[in-house]
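Participant:
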Amino acid sequence: MIPAPFEYRRATDLDQATLLLRELGPEAKVLAGGHSLIPLMRLRLAQPSALVDIGRIPGLTSITVQGDRLHIGALVRHCDLAGSQVVRRALPLLAEMALEVGDLQVRARGTIGGAIAHADSAGDYPTLALMLDAEILTTHGSHPARGFFQHLFTTPLQPDEVVRELVFPVAPGPHRYIKFRRRRCDWAIVGAAAQRLGDSWRLGLTNVGPTPMRAARSEAVLAAGGTVTEAALEAADGLTPPTDIRASADYRRHLARVLTRRALEQAAA
Amino acid sequence: MALSQLIGARIQRREDPRLVTGHGRFTDDRAPRGCCALEVVRSPHPHAAVGAIDIARAAAAPGVLRVLTAADFHEVLQGSMPVTPSFVADKRQVPPRFPIASEEAVYQGEPVAVVVARSPAAAADAAQLVEVDYRPLAAVVDLTAALAPAGPRAHQGAPDNVCWDVTYVGGDVDRAFAEAEVVVRERILQQRLAPTAMEGRVVVADHDRYDNRMTIWLGSQNPHFIRLFVSQALGMAETQVRVVSQDVGGGFGSKISPYPEDYLVPAAALLVGQPVKWVETRTEAMAGTSHGRGQVFDVEVAARRDGTLLGMRLVQTLDVGAYCGTFGAFQAVAVYVAPGPYRWGGVEGRTVGVLTNKVPTDPYRGAGRPEATHLVERAVDLVARELTMDPAELRRRNFATTFPFTNPFGFVYDSGDYPGTLDRALAAVDYPGLRRRQAELRTQGRYLGIGLSTYVEICGFGPSVPTAAATGGIALVEGAQVRVFPTGSVAVYVGTHAQGQGHDTTFAQIVADTLGVPLDQVELHHGDTDEGTGFGYGTYGSRSLSVGGMAVRGASVAVREKARRLAAHLLEAAEADVEFADGRFAVRGSPASQRTFQEVALAAYGASLPAGMEHGLEAVHYFDPRNFVWPFGAHVCVVEVDVETGQVTIPRYVAVDDCGTVINPMIVEGQIHGGIAQGIGQALFEEVVYDPGSGQLLTASLLDYLVPTINELPVPECSRTVTPSPSNELGVKGVGEAGTIAASAAVINAICDALQPFGIRHVDMPASPDRLWTQIEEARRR
Amino acid sequence: MGERVRLTINGVVREDEVEPRALLVHHLRETVGLTGTHVGCDTSQCGACTVLLDGEAVKSCTVLAVQADGAAITTIEGLAQGDQLHPLQQAFWDEHGLQCGYCTPGFIMTATKLLADNPDPSDDEIRIGLEGNLCRCTGYVNILKAVRTASRRMRDVSVAGAPARDTAALPAQG
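Protein chains in written order, with this note's numbering: chain A, 4 to 272; chain B, 75 to 856; chain C, 12 to 185.
1) Tell me which residue opens and which closes the beta strand (DSSP E) that G244(B) is part of.
2) Give the residues of chain A in contact with Q78(C), contact being defined as C-beta atoms less than 8 Å apart.
3) Where DSSP assigns a beta bridge to V315(B), which residues make up the other side?
4) When the distance is taken between beta carbons, is A441(B) closer than 9 Å to G327(B)?
5) Using the C-alpha atoms, what's the distance from V370(B) back to T391(B)?
6) Verify the CB distance criterion: does Y11(A) have a CB-CB separation below 9 Å to chain C?
7) What residues in its chain sit with their C-beta under 8 Å from that of C57(C), if we drop five residues either side in the sequence?
8) Leaving out five residues on either side along the sequence, give the residues of the same chain with a beta carbon under 6 Å from the beta carbon of R92(B).
9) Is the beta carbon of V231(A) closer than 9 Å to that of L267(A)?
10) Write down every uninterrupted run of the alpha helix (DSSP H) in the region 550 to 587 of chain B whose length is 4 residues or greater and which is fully enclosed by it, in chain order.
11) Would a check of beta-carbon distances place Q265(B) closer than 9 Å to chain A?
12) Which whole runs of the beta strand (DSSP E) in the region 670 to 712 of chain B are 3 residues long or more, in chain order?
13) Using the Cβ count rule (16 or more neighbours within 10 Å means buried), how would you classify Q153(A)?
14) Using a Cβ cut-off of 8 Å, which residues of the region 781 to 807 of chain B contact any Cβ in chain C, in chain order?
15) Does Y284(B) pass the burial test, meaning 16 or more other C-beta atoms within 10 Å, or should it be called exposed?
16) Counting only the same chain and skipping the five closest in sequence on each side, list residues whose C-beta sits under 6 Å from that of E113(B).
17) Taking Cβ positions only, does R32(C) come closer than 9 Å to chain A?
18) For the region 257 to 286 of chain B, which residues have a CB atom closer than 9 Å to at least one CB atom of chain C, in sequence order?
19) For a minimum of 4 consecutive residues, which ranges assigned as the alpha helix (DSSP H) are wholly contained in the region 789 to 833 of chain B?
20) Output needed for G748(B): all residues of its chain with C-beta closer than 7 Å, excluding positions within five of it in sequence on either side, in chain order.
21) Are the region 137 to 156 of chain C and the region 90 to 107 of chain C in contact at 8 Å, needing three or more beta carbon pairs?
22) On the DSSP bridge list, what partners appear for P172(A)?
23) So, does the CB of V821(B) fall closer than 9 Å to a CB anywhere in chain A?
24) Mapping the DSSP letters down to three states, classify F473(B) as helix, strand or coil.
25) Within the 9 Å Cβ cut-off, does W847(B) reach chain A?
26) Taking C-beta pairs closer than 9 Å, name the residues in chain B that L64(C) reaches, listed in chain order.
27) Just grab the DSSP bridge partners of A181(A) for me.
28) Excluding the five sequence neighbours on either side, which residues of its own chain have a C-beta within less than 6 Å of the C-beta of E552(B), listed in chain order?
29) Could you give the DSSP three-state label for F151(A): helix, strand or coil?
30) For a cutoff of 9 Å on Cβ pairs, would you count G744(B) as touching chain C?
31) Taking the alpha carbon of H38(A) as the point to measure from, which residue in I20(C), A68(C), V74(C), A122(C) has its own alpha carbon closest?
32) Is V79(A) close to chain C? Criterion is C-beta to C-beta, closer than 9 Å.
33) In whole angstroms, what separates the C-alpha of A76(C) from that of E14(C)?
34) I want to verify the contact list: residues of chain C whose CB lies under 7 Å from the CB of I248(A), in sequence order.
35) Quickly, what does DSSP pair K70(C) with across the bridge? List them, please.
36) Using a Cβ-Cβ cut-off of less than 8 Å, list which residues of the region 118 to 134 of chain C approach chain B; keep chain order.
So this is what it looks like as structure tokens:
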């Protein structure tokens with residue numbers, strides 16, 4: 004219940020955060036909302052030598068639309084996303100997703116930057132980032148979401164690199180995210196997202212493998228004029244979902260198909 | 075006598091002002107001056123030989139006072155942790171259990187060393203530095219594999235893994251099966267559950283070396299038993315050990331038996347010479363606090379084509395865990411109450427206790443009775459389906475209807491009206507209408523299910539003769555002391571203890587009614603072994619009211635009767651002419667001649683006593699019930715199954731319960747609500763999972779062990795019938811477990827009913843979406 | 012190495028030296044002595060440790076005390092004014108919204124935030140607001156009822172123009 008000891012440093016800006024991370028070495032970790040990291044530290048499954056707290060760095064909490072892009076600061080919390088009129092207009096799917104992350108208290112602390120950097124394939128935002136070709140802007144430059152989620156908890160982020168902003172396309176069109184789980188507060192057993200973007204559908208899947216997945220075959224079927232049912236049948240193509248105490252791999256493949264169909268039907272409705 | 079208005083009144087709880095303002099008195103909320111922290115080093119292996127333990131680095135770590143292992147504890151602790159006969163007097167083998175492992179660790183989470191340090195952080199840091207040389211051994215996980223003649227043993231060198239194997243026969247079972255026109259069979263699983271009281275266990279111990287007095291604070295359902303066991307192990311007189319349990323954050327059975335830490339913490343306080351506190355983490359609780367259920371039932375039922383139930387044979391295979399829980403064999407009561415509310419020609423039940431490399435199972439809310447209800451209610455539904463008879467009709471045909479009713483094992487159901495609760499529940503849901511709706515929805519590809527659960531429950535443990543045999547000597551009666559002060563205010567001491575059941579309020583209602591004093595003049599004391607009667611028997615098995623409350627009632631009546639004799643003397647009247655009402659003693663026929671209870675109380679300490687009467691106004695009463703009490707009821711659950719995903723929703727849940735006379739209806743409803751929640755939790759969500767190969771615990775946190783939240787549970791529609799128990803003067807029964815006993819069967823019967831079109835006969839728990847989808851897919855392929 | 016942490020707790024400012032690893036809940040319970048905030052798990056599930064941090068309901072087991080530096084904290088002990096219970100405390104009492112009482116402070120603190128954001132929540136909104144709190148005793152039936160009752164009473168009073176707390180007169184003991 005009590006984390007192992009560590010050194011604590013509070014960064015006042017991103018440059019300083021990078022310098023501190025360099026100074027403290029690869030065992031140092033970035034602390035934002037702490038809702039992924041602190042639980043692991045309490046169980047001593049993570050024992051970082053130092054934490055660099057970026058929680059008070061100014062300028063990382065803005066939500067703006069610039070042209071056809073929605074820019075979201077890394078420290079924007081789940082509850083901010085859920086309540087933001089800008090997000091609700093520009094990318095309502097993100098606001099709806101945010102309201103299904105964790106619970107009221109978690110949503111008050113957890114940040115989108117932290118969730119993206121954590122790269123948990125059971126997380127919801129990585130799915131959206133991947134399927135919409137979002138960009139992840141960091142202290143070191145920019146990463147396209149495609150290629151960012153390399154494996155479970157694995158990204159190209161360097162030890163001294165800090166996420167500063169997420170850039171999504173503006174997509175106010177039909178959309179739906181179905182997060183299937185035993186209890187509403189749980190992580191997805193499988194999640195399926197559908198978003199109309201321009202004149203095509205983008206489809207994403209949560210927790211069906213070590214990374215978020217795009218249902219590319221299903222998208223292609225729709226693009227070629229196939230029906231929703233036909234498209235959904237392809238949703239499990241190429242998936243390597245885990246078998247764990249929540250569900251078998253077969254069941255997850257089945258859910259990928261069913262939820263993709265339902266997400267498309269409900270988005271269109 | 076006529077009961078006045080307090081019994082039966084919806085009185086707000088007296089406990090609540092402190093609890094809603096953050097001023098509860100939970101064990102972790104206080105620490106003696108100079109208190110040290112204790113951290114337990116636990117075996118990460120389900121089964122391992124324990125070699126050398128290197129404590130050097132840990133002992134040298136900052137803030138560490140001592141690092142202790144089994145050898146140290148053997149200096150101050152003696153004997154083996156207790157195992158009672160419970161419902162199986164004749165056990166084949168009971169592995170001796172010392173509170174800390176020395177050569178062999180037999181479950182994941184078993185203590186192997188402890189660190190005592192100046193702060194919890196220092197203790198936690200140092201615990202990581204204790205190096206234990208483990209040699210992993212094959213783990214016994216699966217019950218069937220455990221019973222195979224060859225294969226690993228849960229304890230090295232044991233002849234087999236059988237803890238007990240006994241068969242009980244009631245009635246003529248062979249004849250029943252010989253006469254059978256239909257026989258149905260099923261295997262029914264009862265998964266392991268974690269009781270998950272929201273407050274974990276905490277133990278604080280402080281030894282006064284000058285007076286040689288040990289004080290132990292812990293959250294317990296029965297502090298007196300803990301004192302008895304721990305004082306014996308410490309070699310101290312019971313008078314030298316005081317156990318104090320104040321507010322307890324839930325128990326549900328998990329705080330009945332003594333735990334290793336209950337011994338290790340006071341022993342460490344002795345060895346270190348300072349007060350010591352241990353606070354369980356949830357991760358420790360999942361691995362180390364007793365689990366419940368963990369059983370497999372094989373049942374066969376014989377019936378006639380007209381729906382008459384004839385006989386039942388059942389085998390209960392019970393996952394005992396690595397050691398026999400102190401009251402672990404209590405769960406074998408499932409055999410005795412498997413007949414349920416029905417008439418049978420004969421019932422035969424075999425119970426087999428199996429040792430495995432898991433934490434011991436012990437009572438969890440209902441303990442054996444939810445299992446029995448689930449078993450018989452599933453079996454009865456299977457018979458109904460076999461006969462294409464309505465399950466409500468089949469139940470009605472077989473209900474016991476005359477009371478007292480003796481079940482095949484000789485247990486006497488005291489009173490009941492089983493058709494009454496069923497009819498009321500069916501009316502509440504409009505059963506015929508619901509069946510029509512079900513048929514209509516099926517044509518649209520929607521699957522509604524209606525599940526019935528009609529239960530009868532044994533509780534109120536209990537009459538002295540059978541219960542003393544079950545504990546190995548101590549009858550589970552109850553004692554209470556009532557002391558009236560000169561001003562007429564009343565202190566009450568009782569040997570039960572509450573973990574949220576509101577005894578402060580309900581017991582005070584009984585006393586205030588009996589003595590005619592205002593409620594706020596009554597103060598209840600419980601949980602401190604230094605106070606009250608010589609022994610207290612604790613709270614479990616829905617016994618507090620029907621045994622403890624009756625002890626309180628009996629002591630109050632004794633006080634009132636002494637006061638009546640004194641009042642007669644003061645009023646210069648014959649005792650038989652003095653009536654008591656509304657807190658006043660008055661001479662019949664001359665109402666002006668009266669004394670208030672307060673005036674009589676003052677006189678009891680004065681100089682005007684009748685000849686032969688001693689001073690004071692207090693009494694001790696031990697209540698030894700004539701029989702157990704037998705609450706009953708009918709629950710109806712309506713589910714809808716999304717057959718594409720296996721997801722279950724509960725649009726309606728109706729409960730009609732009968733717990734006899736009700737002292738406080740608000741508290742009764744609350745108990746039912748909570749009980750149903752835990753039953754639904756078992757039916758749909760909760761399961762302790764050990765990896766079938768390695769034996770590693772996979773549900774080690776509340777992330778993976780799914781306690782339902784407010785989103786997952788229905789609001790049950792609750793109502794009551796009142797059939798007083800003839801076994802006690804107040805007519806009370808028990809209500810703490812009823813909801814849990816009824817609920818899982820109602821939910822699973824509803825799911826099986828919903829899935830009948832797929833030919834699915836039975837569904838095991840938890841009925842997770844994955845499990846249901848798999849069964850539906852298999853059925854579709856058939 | 013200690014860090015100075017300055018907090019305004021239930022209106023009182025205090026400054027302490029804490030280890031960086033000290034969780035806010037441990038700081039509140041052990042250093043400040045406010046034991047009404049409870050710990051029920053170690054994976055941020057149960058919500059028993061919920062407090063208000065600058066008005067937000069947070070799980071104080073998942074916040075480092077150093078992260079809270081400079082913040083205003085309200086714990087369960089800070090809700091009542093003297094004998095005047097907060098309407099939520101009163102409603103939990105009136106509706107039998109608690110049994111063992113261990114989870115209750117967390118529920119009340121979360122509900123405080125819920126009603127601050129949404130004075131007239133639907134049952135579904137109450138459920139979603141309270142999903143981060145576990146109760147093992149009540150089946151949540153009377154918790155739902157208590158939040159509804161508090162919400163109604165607080166709205167009635169604010170319509171009447173009096174401060175919300177005035178509804179919460181303590182009835183006679185028992």
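A virtual CB, placed ideally from N, CA and C, is assigned to each residue, including glycine.
Facilitator: Looking at the atomic coordinates:
1) Locating residue 244(B) in the second sequence gives position 170, counting from the first residue. Start and end: 236 to 245.
2) Within the third sequence, the letter at position 67 stands for residue 78(C). Below the 8 Å Cβ cutoff, chain A contributes L34, G37, D56, G58 as neighbours of Q78(C), in chain order.
3) For the purposes of this step, residue 315(B) is taken as the residue at position 241 of the second sequence. Beta bridge pairing from DSSP links V315(B) with M288(B).
4) Position 253 of the second sequence, counted from the first residue, corresponds to residue 327(B). Position 367 of the second sequence, counted from the first residue, corresponds to residue 441(B). Against a cut-off of 9 Å, the Cβ pair of A441(B) and G327(B) comes out as a contact.
5) One-based indexing of the second sequence puts residue 391(B) at position 317. One-based indexing of the second sequence puts residue 370(B) at position 296. Between the alpha carbons of T391(B) and V370(B) lies a distance of about 5 Å.
6) In the first sequence, the residue the question calls residue 11(A) occupies position 8. True, the Cβ-Cβ gap to chain C drops below 9 Å.
7) Working through the third sequence from its first residue, we reach residue 57(C) at position 46. So the qualifying residues of the chain are G51, C114, G117, N144, L145.
8) Taking the first residue of the second sequence as position 1, residue 92(B) is located at position 18. Here the set comprises G98.
9) Within the first sequence, residue 267(A) is the residue found at index 264, counting from 1. Within the first sequence, residue 231(A) is the residue found at index 228, counting from 1. Yes, they are a contact pair.
10) You should have found no qualifying run.
11) By 1-based counting over the second sequence, the position of residue 265(B) is 191. No, its Cβ sits nowhere closer than 9 Å to a Cβ of chain A.
12) Entirely contained in the region 670 to 712 of chain B, the beta strand (DSSP E) runs reaching 3 residues are, in chain order, 692 to 697.
13) Counting from 1 along the first sequence, the entry for residue 153(A) is found at position 150. Around the beta carbon of Q153(A), fewer than 16 other beta carbons sit within 10 angstroms, so the residue counts as exposed.
14) Here the close residues are V781, T783, I784, N785, L787, V789, P790.
15) For this step, residue 284(B) is matched to residue 210 along the second sequence. Exposed.
16) To locate residue 113(B), count along the second sequence from 1; it is residue 39. Within the same chain, V189, A197, A198, A201 come within 6 Å of E113(B) by CB-CB distance, once the 5 residues on both sides are set aside.
17) What you label residue 32(C) is simply residue 21 of the third sequence in a count that begins at 1. Yes, contact with chain A.
18) Under the 9 Å Cβ criterion, the region 257 to 286 of chain B contributes P269, T270, A271, M272, E273, G274.
19) Here the runs fully enclosed are 812 to 828.
20) For this step, residue 748(B) is matched to residue 674 along the second sequence. Taking G748(B) as the centre and dropping the five residues before and after it, the same chain places the C-beta of G813 closer than 7 Å to its C-beta, in chain order.
21) By the Cβ criterion, the region 137 to 156 of chain C is in contact with the region 90 to 107 of chain C, since at least three pairs of Cβ atoms, one from each stretch, lie closer than 8 Å.
22) Reading the first sequence from its first residue, position 169 is the one you call residue 172(A). Answer by DSSP bridge pairing, in chain order: R72(A).
23) Stepping through the second sequence from its first residue, residue 821(B) is reached at position 747. Taking Cβ atoms only, chain A never reaches closer than 9 Å to V821(B), which makes this a no.
24) The count along the second sequence starts at 1 and reaches residue 473(B) at position 399. The answer is strand: DSSP assigns F473(B) an E or B state.
25) Stepping through the second sequence from its first residue, residue 847(B) is reached at position 773. Chain A, which has a Cβ nearer than 9 Å to the Cβ of W847(B), makes this yes.
26) Reading the third sequence from its first residue, position 53 is the one you call residue 64(C). Result: empty, since nearest Cβ-Cβ is about 16 Å, beyond 9 Å.
27) By one-based count along the first sequence, residue 181(A) stands at place 178. Inspection of the sequence shows that residue 181(A) is occupied by Ile rather than by Ala. Answer is A195(A).
28) Residue 552(B) sits at position 478 when you count from the first residue of the second sequence. Cβ within range, chain order: G569, Y611, V621, G622, A625, F697.
29) Position 148 of the first sequence, counting from 1, holds the residue named residue 151(A). Here F151(A) carries a coil assignment [DSSP, helix/strand/coil].
30) Translated into positions along the second sequence, residue 744(B) becomes position 670. Yes, because at least one Cβ of chain C sits closer than 9 Å to the Cβ of G744(B).
31) Stepping through the first sequence from its first residue, residue 38(A) is reached at position 35. Of the residues I20(C), A68(C), V74(C), A122(C), the one whose Cα lies closest to the Cα of H38(A) is V74(C).
32) As a working note, residue 79(A) is residue 76 in the first sequence. With 9 Å as the cut-off, V79(A) does not count as an interface residue toward chain C.
33) Within the third sequence, the letter at position 65 stands for residue 76(C). Within the third sequence, the letter at position 3 stands for residue 14(C). Cα-Cα distance, rounded: 9 Å.
34) Here residue 248(A) refers to the residue found at position 245 when the first sequence is read from its first residue. Near I248(A) there are no residues of chain C at all, since even the closest Cβ is about 15 Å away, more than 7 Å.
35) In the third sequence, counting from the first residue as 1, residue 70(C) sits at position 59. Beta-bridge pairing links K70(C) to T61(C).
36) Of all residues in the region 118 to 134 of chain C, only I119 come within less than 8 Å of chain B when Cβ atoms are compared, listed by chain position.
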